[in-house]
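Top line first, the protein sequences correspond to chains G and D.
For the first sequence, our numbering gives the first residue as 4, with consecutive numbering after it.
For the second sequence, our numbering gives the first residue as -14, with consecutive numbering after it.
Okay, so here's the structure we're looking at.
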Amino acid sequence: MDQSGASGAALSVGDGLPIVALCLSGSERVCKLVDDSLWALRPADPSGRWSFSLGELVMHIADARWLFAGQLDGADYSPRYFVTNQPRDPGAIWTFRPGAPEAALESLQDGRAAIQRWLEQPLEKLWQPTSGTEDFFHSYQQKLRAAGEEEMAQAYARRGPASLARTLSGLVAHESGHRGSLQTLLRLQGANTAEAD
Amino acid sequence: MDSSMQASPAMTIGDQMPWVGMTLSYLEKIAALIPEDKLDWRPADPSGKWSFSLGEIAMHCADSRSMFARTLSGDASEEGYWMKYPEDDSGVWTRSREAANLQEILDSLVAGREALEAWLARPYNELLNTTPGTIAGFEKHLASLREAGKDTADAERRGPTTINRVLVAAACHEAGHRGALQTLLRQMGVNAGSE
């Protein structure tokens, strides 16, 4: 059964994946609850592993929006990142440039605006790669082959460059996990996150 | 449907939406770490609001997997669900049945996943399709909007939910609860991964 159930009016990518806007708005409402008094709070992990502070969680969510937007646009938005070192070793300490609630929320909004341009594209583009994801696909494949990862390169080639839908799904799956974490930490502090649901 | 979607008929929905499978696997991995003696542990919310226990988070995710799969198949049944949605403004969910142990909850996560996998295994050029289930749900939604005297124009413009919309919603919903579960486990000192 195809999408003929829709009225035929011009539909956008955002109409085809309404969960994206809902998810981004939900995260923004939760992130706004991290005020100056909560910004530096870092949950204690009795096992000793390092955790994001609440402020770092907000900054990471903002950074990831830029990362995904950069993949779609084929642009390097890393100068917008708050993170300055993201070690690959699990449990290692990430470092961030100094941030504050206002700057993080601004970056969150700007990153959303970069994503929004794609949400406003015609629905037909939802399952197409962008020139940015095609470039990324080719360079990543080269990287895998150069590293002798032929099997992975072949599996990657089979799937092809990421479509707009795949990239947007990745964005919201990533962001939802961190929002769940942030919301939980805020609730443990007594913040009223119900209004952010 | 664009030409790129017709190029590889052997490709499945799951191949094109790898985040869905990854998200489901991630929750299964984290849920398996819940200590048996902490299944009923419930975080205290200083504001007094009710919270899921650790076991209930996993139960709710298992129920939701079934619910999203049933949305696609057009099955309105709530049979087998662990949790009942609050019937009042208290926000308190109740249990429809009790779990004997963590394994029983993990098994229900697997069963819910199998129901979703049936959709992930379909050819990927069906991603934008509606299903009899989503059409029936759409008609019901329109009827409820009309009954409430609300405008149906936007809903009609978008039409019935498509397979991709349901699967991405399932992944996002679950990722949020997994984030909560992982955070609570880490606070207890369980090795539930790092940033």
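Cβ atoms here follow ideal geometry from the backbone N, Cα and C, with glycine treated the same way.
Under 8 Å, Cβ to Cβ, is there at least one residue of chain G near residue i?
| i | result |
| --- | --- |
| D:S58 | no |
| D:D(-13) | Low local confidence applies: a pLDDT of 38 at D:D(-13) is under 50, so the model's placement there is unreliable, with the coordinate-based value given in what follows. At least one chain G Cβ lies under 8 Å of D:D(-13). |
| D:H162 | yes |
| D:K14 | no |
| D:M(-10) | Confidence at D:M(-10) is low in this model, with a pLDDT of 46, below 50, so its placement is unreliable and no value can be given for it. |
| D:L101 | no |
| D:G6 | no |
| D:V153 | yes |
| D:T137 | no |
| D:E83 | no |
| D:P108 | no |
| D:P20 | no |
| D:E188 | This structure cannot settle anything about residue 188 of chain D, because the visible part of chain D is limited to -14 through 180. |
| D:K34 | yes |
| D:P71 | no |
| D:T168 | yes |
| D:A156 | yes |
| D:L9 | no |
| D:D74 | no |
| D:S179 | yes |
| D:R171 | yes |
| D:L112 | yes |
Does the beta carbon of residue i sit closer than 8 Å to a beta carbon anywhere in chain D?
| i | result |
| --- | --- |
| G:Q144 | no |
| G:D48 | yes |
| G:C26 | yes |
| G:F99 | no |
| G:N88 | no |
| G:P21 | yes |
| G:Q6 | In this prediction, G:Q6 scores a pLDDT of 46, lower than 50, which makes its location untrustworthy; no coordinate-derived value is stated. |
| G:F85 | no |
| G:A199 | Model confidence at G:A199 stands at a pLDDT of 49, short of 50, so the residue's coordinates are unreliable and nothing is read from them. |
| G:V175 | yes |
| G:L14 | yes |
| G:G58 | no |
| G:P104 | no |
| G:F140 | no |
| G:S110 | no |
| G:D38 | no |
| G:G183 | yes |
| G:P125 | no |
| G:W53 | yes |
Can you round the beta-carbon distance between residue i and residue j to whole angstroms, since I take them to be within the 8 Å contact cut?
| i | j | result |
| --- | --- | --- |
| G:P101 | G:V37 | Contact flag wrong, Cβ pair sits at about 15 Å. |
| G:M62 | G:A107 | 5 Å |
| G:T170 | G:Q74 | 6 Å |
| D:R50 | D:G6 | So it is not a contact: roughly 12 Å between Cβ atoms. |
| G:G173 | D:W4 | 5 Å |
| G:G114 | G:A65 | 6 Å |
| G:S3 | G:E123 | The structure shown has nothing for residue 3 of chain G, since chain G only spans 4 to 200. |
| D:Y11 | D:R163 | 6 Å |
| D:A16 | D:L91 | 6 Å |
So which of the options has the shortest CA-CA distance to residue i?
| i | options | result |
| --- | --- | --- |
| D:E159 | D:M52, D:S179 and D:D22 | D:M52 |
| D:P28 | D:E21, D:D22 and D:S36 | D:S36 |
| D:T119 | D:S58, D:Q172 and D:A154 | D:S58 |
| G:Y84 | G:R68, G:Q186 and G:W42 | G:R68 |
| G:S56 | G:D66, G:E137 and G:W42 | G:W42 |
| D:G33 | D:S75, D:L127, D:T168 and D:D48 | D:S75 |
| D:W104 | D:A156, D:M(-4), D:A155 and D:A54 | D:A54 |
| D:P20 | D:S179, D:G178, D:L170 and D:E180 | D:L170 |
| D:Y226 | D:I15, D:A165, D:D25 and D:H45 | There is simply no residue 226 of chain D to check, as chain D begins at -14 and stops at 180 in what is shown. |
| D:G122 | D:L94, D:A100 and D:A61 | D:A61 |
| D:W26 | D:V151, D:E72 and D:L166 | D:L166 |
| G:T187 | G:V23, G:V33 and G:P132 | G:V33 |
| G:I22 | D:G161, D:C157 and D:E180 | D:C157 |
| D:L101 | D:D136, D:E132 and D:A47 | D:A47 |
| D:S93 | D:A133, D:E132, D:N114 and D:G40 | D:G40 |
| G:L60 | G:Y80, G:F139, G:Q157 and G:W97 | G:W97 |
| G:L129 | D:Q1, D:M(-4), D:T(-3) and D:K14 | D:Q1 |
| D:E141 | D:K135, D:L127 and D:V151 | D:L127 |
| G:Y159 | G:G151, G:L147 and G:A168 | G:L147 |
Next item on the list: Check whether the stretch 87 to 96 of chain G touches the stretch 176 to 186 of chain G, counting contact only when three or more Cβ pairs, one atom from each stretch, lie closer than 8 Å.
Entry: no
Margin query: Check whether the stretch 149 to 167 of chain G and the stretch 147 to 160 of chain D touch, using three or more Cβ-Cβ pairs below 8 Å as the test.
Written below: no
Check: Okay, do the stretch 107 to 115 of chain D and the stretch 73 to 91 of chain D touch, 3+ Cβ pairs below 8 Å being the bar?
Finding: no
Margin query: Count Cβ pairs between the stretch 23 to 34 of chain G and the stretch 141 to 153 of chain G that sit closer than 8 Å; are there 3 or more?
Written below: no
Checklist line | Stretch-stretch touch, CB-based, cutoff 8 Å, three pairs: the stretch 168 to 180 of chain D with the stretch 44 to 59 of chain G | finding: Contact holds: three or more Cβ-Cβ distances are below 8 Å.
Notebook entry, point to check: Which runs of the beta strand (DSSP E) spanning at least 3 residues fall entirely within the stretch 57 to 110 of chain G, listed in chain order?
Noted result: 86 to 88
Check: What are the complete beta strand (DSSP E) segments, minimum 3 residues, inside the stretch 37 to 84 of chain D?
Finding: none
Next item on the list: Mind listing, in chain order, the continuous alpha helix (DSSP H) runs of no fewer than 4 residues lying wholly within the stretch 146 to 182 of chain G?
Entry: When DSSP assignments are scanned along the stretch 146 to 182 of chain G, the uninterrupted stretches of alpha helix (DSSP H) that are 4 or more residues long and fall wholly within it turn out to be 153 to 162.
Checklist line | Minimum length 4: unbroken alpha helix (DSSP H) runs contained in the stretch 121 to 167 of chain D | finding: Those alpha helix (DSSP H) runs which fall completely within the stretch 121 to 167 of chain D and span 4+ residues are 138 to 143.
Notebook entry, point to check: Residue ranges of each alpha helix (DSSP H) run of no fewer than 4 residues wholly in the stretch -7 to 40 of chain D, ordered along the chain?
Noted result: -2 to 1 and 3 to 16
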